[in-house]
Amino acid sequence: MTATTRAPLLPIRSPDEHRAALAELSAYFDNEPEPGTYDGDRFEVLLAFVESYEAKRFPIDLPDPVESIKIRLEQSCLIANR
């Protein structure tokens with residue numbers, strides 16, 4: 081797709097738009113564009129839109145600090161599994 085045939089960059093508002101943005105981004109990951117070029121700028125903006133959409137749609141709560149320590153200690157075999 082050339083610069084003249086690409087869809088305009090718009091905020092992601094639906095799962096279909098999210099999938100389309102991820103599909104376009106996957107091509108950039110295979111051949112990451114140079115920063116400051118048209119493709120480089122498009123890559124950065126798409127990433128920002130995807131990150132924003134995912135943060136709103138799929139929020140990740142911070143783990144409980146004490147539980148995190150216990151899990152890490154279990155993984156290191158420093159305490160017995162519960």
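For the record, in the sequence shown the residue sitting at position 17 is 97 according to the numbering used here, with numbers rising by one throughout.
Don't be surprised by glycine CBs; every beta carbon is placed ideally from N, CA and C.
Boundaries (first-last residue) of the alpha helix (DSSP H) holding R137: Y118 to R137
Answer with buried or exposed for F129, where buried requires no fewer than 16 other C-beta atoms within 10 angstroms of its C-beta. Looking at its Cβ environment, which holds 16 or more other Cβ atoms inside 10 Å, F129 is buried.
From the DSSP output, in three-state form, read off S148 for me. helix
Taking the alpha-carbon of A100 as reference, which of K136, I159, E154 and L126 has the nearest alpha-carbon? L126
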